[in-house]
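Asks: These protein sequence lines are chains A and B, in that order. Every letter in the first sequence is one number past the one before it in full-length UniProt numbering, and letter 107, counting from 1, is 107. Every letter in the second sequence is one number past the one before it in full-length UniProt numbering, and letter 172, counting from 1, is 172.
There are 2 protein chains.
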Amino acid sequence: MTSTIPQGGLEFSPTADGFTLHLGGRLLLQHSAQRPCLSVGQGEADIEMFRGNFSIKDNLHEKLALTACAIRDSDAGLCVTLSRGEVAAATLMIAQDEAGRLRISVNNHSPHHNRIWLNLVAGPEERIYGCGEQFSYFNLRGRPFPLWTSEQGVGRNKKTLVTWQADCQENAGGDYYWTFFPQPTFVSSRRYFCHISNSGYMCFDFSAPDHHALAIWEPQAELCFDTAPSQLALVSKLSAMLGRQPELPEWVYDGIILGIQGGTEVCQQKLDRAREMGVSVAGIWAQDWEGRRITSFGKRLMWNWRWDEELYPGLDQRIPQWKQEGVRFLGYINPYVAIEKELYAEAAAHGYLTRDAEGRDYQVEFGEFYAGVVDLTNPEAYRWYKEVIKRNLINFGLDGWMADFGEYLPTDTFLHNGVSAEIMHNRWPALWAQCNYEALAESGKLGEVLFFMRAGYTGSQKYSLMMWAGDQNVDWSLDDGLASVIPAALSLAMTGHGLHHSDLGGYTTLFGMKRSKELLLRWCDFAAFTPMMRSHEGNRPDDNWQFDSDDETLRHLARMTGIFRRLKPYLQQAVAENSREGIPVMRPLLLHYEDDPQTFDLAYQYLLGRDLLVAPVHQPDCRTWTLYLPRDHWVNLWSGEPDSGGHEVTVDAPLGQPPVFYRRDSAWATLFATLRDA
Amino acid sequence: MTSTIPQGGLEFSPTADGFTLHLGGRLLLQHSAQRPCLSVGQGEADIEMFRGNFSIKDNLHEKLALTACAIRDSDAGLCVTLSRGEVAAATLMIAQDEAGRLRISVNNHSPHHNRIWLNLVAGPEERIYGCGEQFSYFNLRGRPFPLWTSEQGVGRNKKTLVTWQADCQENAGGDYYWTFFPQPTFVSSRRYFCHISNSGYMCFDFSAPDHHALAIWEPQAELCFDTAPSQLALVSKLSAMLGRQPELPEWVYDGIILGIQGGTEVCQQKLDRAREMGVSVAGIWAQDWEGRRITSFGKRLMWNWRWDEELYPGLDQRIPQWKQEGVRFLGYINPYVAIEKELYAEAAAHGYLTRDAEGRDYQVEFGEFYAGVVDLTNPEAYRWYKEVIKRNLINFGLDGWMADFGEYLPTDTFLHNGVSAEIMHNRWPALWAQCNYEALAESGKLGEVLFFMRAGYTGSQKYSLMMWAGDQNVDWSLDDGLASVIPAALSLAMTGHGLHHSDLGGYTTLFGMKRSKELLLRWCDFAAFTPMMRSHEGNRPDDNWQFDSDDETLRHLARMTGIFRRLKPYLQQAVAENSREGIPVMRPLLLHYEDDPQTFDLAYQYLLGRDLLVAPVHQPDCRTWTLYLPRDHWVNLWSGEPDSGGHEVTVDAPLGQPPVFYRRDSAWATLFATLRDA
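#1: Compute the Euclidean distance between the alpha carbons of proline 379 (chain A) and cysteine 131 (chain A), then round it to the nearest angstrom.
#2: Taking C-beta to C-beta, are threonine 163 (chain A) and asparagine 171 (chain A) nearer than 8 Å?
#3: Give me the chain B residues within the contact set of valine 87 (chain A), using Cβ-Cβ distance strictly less than 7 Å, ordered along the chain.
#4: My output table needs one value for aspartate 671 (chain A): the three-state DSSP class, helix, strand or coil.
#5: Classify valine 252 (chain A) as helix, strand or coil using the three-state DSSP reduction.
#6: Considering only the alpha carbon of each residue, which of A:Tyr176, A:Arg293, A:Val87 lies closest to glutamate 133 (chain A)?
#7: Please tell me whether glutamate 222 (chain B) has its Cβ less than 8 Å away from any Cβ of chain A.
#8: So if DSSP puts alanine 274 (chain B) in a beta bridge, which residue, or which two residues, is it bridged to?
#9: Tell me whether the stretch 269 to 277 of chain B and the stretch 239 to 249 of chain B touch, counting them as touching only if at least three CB pairs, one residue from each stretch, are closer than 8 Å.
#10: Could you have a look at leucine 554 (chain A) and say whether DSSP puts it in helix, strand or coil?
#11: Could you check whether the stretch 9 to 22 of chain B touches the stretch 135 to 143 of chain B, counting it as contact only if at least three pairs of C-beta atoms, one from each stretch, sit closer than 8 Å?
#12: Report, in whole angstroms, the separation of the C-beta atoms of threonine 508 (chain B) and aspartate 471 (chain B), which I expect to be a contact under 8 Å.
#13: Quick check: what's the CA-CA separation for serine 32 (chain B) versus phenylalanine 12 (chain B)?
#14: Taking the beta strand (DSSP E) that tyrosine 370 (chain A) falls in, what are its first and last residues?
#15: Taking only beta-carbon positions, decide if lysine 57 (chain B) is within less than 8 Å of chain A.
#16: Measure from the C-beta of serine 39 (chain B) to each C-beta in chain A and report whether the shortest distance is under 8 Å.
#17: Quick one: Cα of residue 760 (chain B) to Cα of threonine 160 (chain B), how far?
#18: Which term fits threonine 67 (chain B), buried or exposed, when burial requires 16 or more other beta carbons within 10 angstroms of its beta carbon?
#19: Give me the DSSP bridge partner(s) of asparagine 473 (chain B).
#20: Report yes if the CB atom of arginine 587 (chain B) is closer than 8 Å to the CB atom of glycine 640 (chain B), and no otherwise.
#21: Looking at C-alpha atoms only, which residue of A:Trp545, A:Tyr253, A:Thr599, A:Leu82 is the closest neighbour of tryptophan 523 (chain A)?
#22: If you draw a straight line from the C-alpha of alanine 311 (chain B) to the C-alpha of phenylalanine 414 (chain B), how long is it?
#23: State the start and end residues of the unbroken beta strand (DSSP E) segment that holds isoleucine 394 (chain B).
#24: Please return the same chain residues whose Cβ sits closer than 6 Å to the Cβ of methionine 202 (chain A), not counting the five positions on each side in sequence.
#25: How would you list, in chain order, the residues of chain A whose beta-carbon sits under 8 Å from the beta-carbon of alanine 493 (chain B)?
#26: Is the separation between the beta-carbon of asparagine 304 (chain A) and that of serine 150 (chain A) shorter than 8 Å?
#27: For serine 236 (chain B), which option in B:Asp404, B:Thr495, B:Asp254, B:Tyr437 has the closest C-alpha, if you only look at C-alpha atoms?
#28: Return the residues of the stretch 46 to 73 of chain B that lie within a Cβ-Cβ distance of less than 7 Å from chain A, sorted by chain order.
#29: Keeping to the same chain, check which residues put their C-beta closer than 7 Å to that of isoleucine 339 (chain B); ignore five residues upstream and five downstream.
#30: Chain A partners of residue 684 (chain B), CB-CB under 9 Å?
#31: Please say whether cysteine 224 (chain B) and leucine 102 (chain B) have beta carbons closer to each other than 8 Å?
#32: My understanding is that leucine 120 (chain B) touches leucine 214 (chain B), with C-beta atoms under 8 Å, so please give their C-beta distance in whole angstroms.
#33: Any idea what DSSP makes of phenylalanine 525 (chain B), helix, strand or coil?
#34: Between the C-alpha atoms of glutamate 125 (chain A) and serine 579 (chain A), what's the straight-line distance to the nearest angstrom?
#35: Using the rule of at least 16 other Cβ atoms within 10 Å of the residue's Cβ for burial, across every protein chain shown, is histidine 592 (chain A) buried or exposed?
#36: Round the Cβ separation of glycine 397 (chain B) and alanine 430 (chain B) to the nearest angstrom and send it over; I've been treating them as touching at under 8 Å.
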C-alpha cells in the first residue's frame, strides 16, 4: 500500500478500504467500500432536437458502484484501480502537472461502459459558481446542471405563461439550466476549481449536502483541479489555463452600436437622427446586410454571407464614409449556409457539409427554411469558411459581426473527423469561435475588428472575443428578461470569460410580449455600465419600443451613451486587466469581498472593474432600489453621498440613474464624480 | 441442464446461454448473456406529496444486468438463477399453479438490492390494455405508465392552460398516467395477462418495440400470467382471479341519483321540482350530510362522519319517507377524520391514527384544514371504523355513500403493521374498499346498500362495489373532461373491474372553467348509457349549470332518465353477467370483435353489455358524430336505420340522441326499438 504523498499541496492518503485526496488542504475525493466515489455503467443516449431545443434522456442499461480499491505507483502518477468484483473496474490516474494542478484521468476498463459518475466531497455551506453562462442562478448549489449547448429557452421557468406557450409550440420554453454556453468547469467557495476536458453530455448535480455528483456520458474523463489563496487568484489561474480574451477594439467604447435593419438608407436616416439628438454612436450593426426573409417568427436573415446589393445599395461606399465619421459598420454570420444560395452549392460541391446517415448533406430545419452545416472538423471546409469570412466580411469592410449560433449541431449528423456528433456537439461553438478568431488573426485585424458570440464551450475563453447574452425576452422576468443577463455575465466570469454584453432592450418578442419604453430605458441604463452597448430591434421590431421611437428616448440614449463614453479609460483599463490577468470586467462582488458571506449569493449586482458597484433596476415601476453594499468606502454616483457599507441600502433610482456606487479611494474617483452632472 | 418442460402450455427451453419461456405458445420471457431479461439494483425513493399530488424520483445507486444463467429443478418449480459475477444475483422461481397460471417469483439475493427491472418479450404490433383506470390512453403501447395511486390531476395534459395553471398552483396539473386507480396488471393483444402482486411503486414502460420494461421498487416480486383463446375469456379469467363485483342494488336502475347539497329542505325542494318535471329519481346524494366548511377551493365537507342535525334537520324522519316514495338517500365518507371533531379525538385516544416519525398522530393537510389518517392496518382501528360506518351511516338509514379518497397515504407516515407506508400506499384504497365492503356485508346489506369509490388497487375488484371516475373538469378536454371517462371505464374493464360511472356534469370548477348547459346535457346523454346515473354540483356549484338551472334541462333529464329506466332489465342482466362471469358492463369493442384490428385502439366508444354500441359526443357544438361500427347487424337506436358495419359512420347526433346502435339480433331488440320514441 502506498503511503501518504504530500506533493506541492497534493496529499493522497490510503485508508483501510479506500483513500482520501486533498489538494492545498481541501478534501476533494474520498473513497471507501461503503461510500464509493466512482460508479461506471452503460447507457444509450436518447437526444432529440427541434430548432436548437433538446430533449435528452438516458436509457440506462447499468450502473455499478466500484467498491474495491487497489493503489499503486506508476511513472504517470498514482494509479488507483476501483472495481466491483470481476464485473467492472476503472482506473484513476492521479498526478500533478508542471503548473502544480491536480490531474485525474478516469478510465473505464470495460469497452462497453460509457458512463462515469464521480462524487466529489462537498461541504454543506459550500457555494459553487460557473458551469458556463447560467442565466437563472449564480450560486449553483442545490440543483443539477445538465451541460449541453442549446437554445437558452423562451421564458426558462415552467411557472411563467410565456414558458408554457413556448413549450406548447415547439418545446422551446426551456428551463433554468438551458444555456448557449455550458462548460464543465466550476469554482468552489472552498477556493478550488474543477475543470473537465471532455465534451460529451454531462450533468453536475450540486444538490447533496455532502457531495457533488458529476455524471459524464463518456468512457473516460480528464479532470483538472487547482486551488488558490483567494477567489480572485483562483479565477486568474483558471483563465490562465483556459486562455484569455484580447482587448477590445478601441472604438467600441466610443458609443452605442445601433442595431438597425432595412437597408442603407434606413441606416443612414436612423444614424443621422441619433447623432442629431446627441447620441454617441460607435457603430451600426445591420444583421440583414446579407439579405433577409420573412417567416412567421418574424424577420429572419438570408444565410448566404455576402453583401446583399439589393437591400444595401452602395454599402461598399457608405462603410468607409461612416468609418471616417467615427461610425463602424458591423454585420452578421453563422456557421450554416441556406440551401437556396450559392455558398451552399459551393460547400456541397466540395463536400464541406456534414452528412446524414445515408451520406447526403445534412439539412437542418431552422424555422421555415433549411441550411447545411459547414463541417468545421474538415480542415478544407474550415479553411474555406475562414476564407469566406476574410473575403466577404473583413475585406468587404465590416468592422465586426455577430457570429451567431454554434449550439445546434445535431447529434445524428456525421463529421469528417469521424468523432461522434454527440461528442462534438458541445465543442462546436468553440470551433466556430476559433474559425472567426483565426480569420481575424490571419487578416491582421485582431484589436481592430470585433466579433461577438452567444454560444460557447471550453475554448471560447481563448477564441471568442466578446460574448453576448443571447436572446432575452423583451420583459422583466427574472429567468429570461433583463435580470437574467447579470447572473449570465457573472457565471461566465467565474468560468474564465470576462467580456459580456447583451442585446440592449432584449430580443424575443412573442406571445404578446412587447418591449415597453421603460424596459428599453432601464436596459440602456444597465448597458452603459457594461463593456459594450449594442441595441437590438428584436425579432418583431414593429411590436417593440425602439431607440428612436420618441425624442425622450433618444435624449435618454444620448445621455447614457455619453456616460458610457466618459467611462472609456476606466473600461479600457478593466478590459486590459481582463486580458492580462484574466480578471473579468463584470465581477461578482465576492471576487473582492470574499470575507463577507453576504456577497456569496448576490446574483443581480456586480462590480464593473474594481471600483464601480452596479445594481441594475430590473423590475418595472420602481423609483427606488435596494442593493447590498459590502464594507468599503462607497460614494453614490448620482447623489455623491458616502456609505461605508456592510448593509443593504435603498437608493433613489429614477430612470437614467441606475444604482451605482464608486469606491471613494479609487484612482478614478475624479472621473466618476464628473458623471454626477451628466 | 434442464430440458424443455412442456407443462399445460408452459414451455421452458434452455438455450446456449439462457432460456426462452412460452405460455400457451406465447413467448413471454427470453434471456441471453447479450440480452439479459433481468436487472437488479439499489435506489432510494424521493417521494413528495402535496394534497395527493406526488412527485416521485429515484436516487439510483446502482443497476446491474444479470447476464449469467443457471437452471435447476426444485420442488417449488424451475429455479433459474441469474447473476453478474460475484456482484449480484437473483432467482426466478417458475411454476404453474393449480389453475394453470404461470407464477414467477423474483428474489434478489443481496439484501441491499431493492430494485427489479424485468423485460418481457413484446411484438411491434402488440397492444396493451389495463394498468387500472387510465384516463388518457386505452392502448398503453408507446409510453411508460408509473403506477402509483394519487390525485388524477387537473387538466392532465401539459399543453393545456388549465394544467399549467394547476401545476403552478400546487403541482396539481398531473399527467397522462396520473390516476386514483393504478394497477400492475395488463392484458396483451397477444391474449395473455400479466399481474404483479406487489404494491410498491412500479413503472411499466410499453415504449420499446420488442419488450415491455417492468420496473419494480421492491427487493422481490410475484408475477402471474395466464392466456386464453379469446380476449373475452381472458378478461373473465383475470376477474376470476382478482375477484368480481356483486350485483348492484335493484333501485340503482330506477333513475338518477341527484347530487344535492345544502340541507333537508333544499333536497326536498329540488327533488319535488325534478319529479314535477318528470325526472326519474332513484336517490338523493348529499355529500354534506355530515356538515361542511368553506375554503378557497369551494365548499368542502366536515369530516366527522355523522349526521349534521343543524344542516339537515329532520333528516332521520325524511329518509324513510323518501324511501317509501322510491327515493334513496346517500351520503359520504372517507378514511380521514378532521382534527377539530370528536371522531378524531376518539381515534387519537385509542391510538387508531397513523403516526409521524416522532410517534405523534400524523396530520394530513387537505387544503386549509387537517385530518388524521385512520390506521386501517391496525385491526382495532379497522374494526372501529367499520363500526363507525355501520352505526353512523348504515344504521342511520343511508342507502349508499361515496367512499372517497384512499390515494393520499403519505409515505412518511408510520403504520401499525410495521410495513413501510411506501409499500402500503398503493394498497390503501383496496383496504379502504374492504372496510366499507365488510361493514355492508356484516350488516347484511350487500345488494341493498351501495358505496362507490374513486381510488383503487388490486383487491378493489372484490371489494369496491362501484367505481366512479373521480373529478373530471367541467370541460370538453380529452384528458380530463367528459371524454376521459370512457378510456377510464374501458381500461378498468381490462383490469377486471366492470362497474363504472362518473359525476354527471363533471366536478372540477377552477381556473375560469364553468360547466355549460351543453356539457351537462351531453354528459346526461352519456350517463344514460352507463350502469348508474349520478349528478354532481361540482366544487363551485354557483359557477356551474345545474340539472335544475332551467326547465329545458329538467325536461332533458326527464327524457334521458326515462330511457335509462327502460334499460333496467338489460342493464341488470349485464351487471349480473359481470358479477357471474366477470365480463364488464362497459366493454371495449375488441372484447367482442377482436378479429377486427380497427377496434383495438377505440378509446372513445364502447359496448354497453353485449348489444349496445355507444359513442358519446364529447366535443361542443357538434350535431353529427363519427364512430366506428365493426361488422355486425346494427340498427341506429334513434333512426332505426340498419348498418352492417365494417366502416366508420357519421350519424346525426342532436342533444338527447347520443350515437347509439343496437344489434339487430339482440334478444333485447324489441326493448331497444321502443326507445326510439322516447
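The C-beta atom is built at its ideal place from N, Cα and C for all residues, glycine as well.
Replies: In this structure, then:
#1: 30 Å
#2: no
#3: Arg84, Gly85, Val87
#4: This sequence places leucine at residue 671 (chain A); aspartate is not what is there. Here leucine 671 (chain A) sits in helix by DSSP.
#5: helix
#6: A:Tyr176
#7: no
#8: Looking at the DSSP assignment, alanine 274 (chain B) forms no beta bridge with any residue, so it has no partner.
#9: no
#10: helix
#11: no
#12: 5 Å
#13: 14 Å
#14: 370 to 373
#15: no
#16: yes
#17: Nothing about residue 760 (chain B) can be read from this structure; chain B reaches only from 1 to 678.
#18: buried
#19: B:Thr508
#20: no
#21: A:Trp545
#22: Checking the displayed sequence, the identity of residue 311 (chain B) turns out to be leucine instead of alanine. Each residue's Cα considered, the two are about 36 Å apart.
#23: Unbroken run through isoleucine 394 (chain B): none, as it is neither H nor E.
#24: Leu147, Pro184, Ile216
#25: Within 8 Å Cβ-Cβ: nothing; alanine 493 (chain B) doesn't reach chain A, min ~32 Å.
#26: no
#27: B:Thr495
#28: Leu60, His61, Glu62, Lys63, Leu64, Ala65
#29: Gln363, Tyr370, Ala371, Gly372
#30: Given that chain B is displayed from residue 1 to residue 678, the structure contains no residue 684 (chain B) and the question cannot be resolved.
#31: yes
#32: 7 Å
#33: Residue 525 (chain B) is actually aspartate in this sequence, not phenylalanine. Helix, per DSSP.
#34: 32 Å
#35: buried
#36: Their Cβ separation, rounded to whole angstroms, is 27 Å, which puts glycine 397 (chain B) and alanine 430 (chain B) out of contact at 8 Å.
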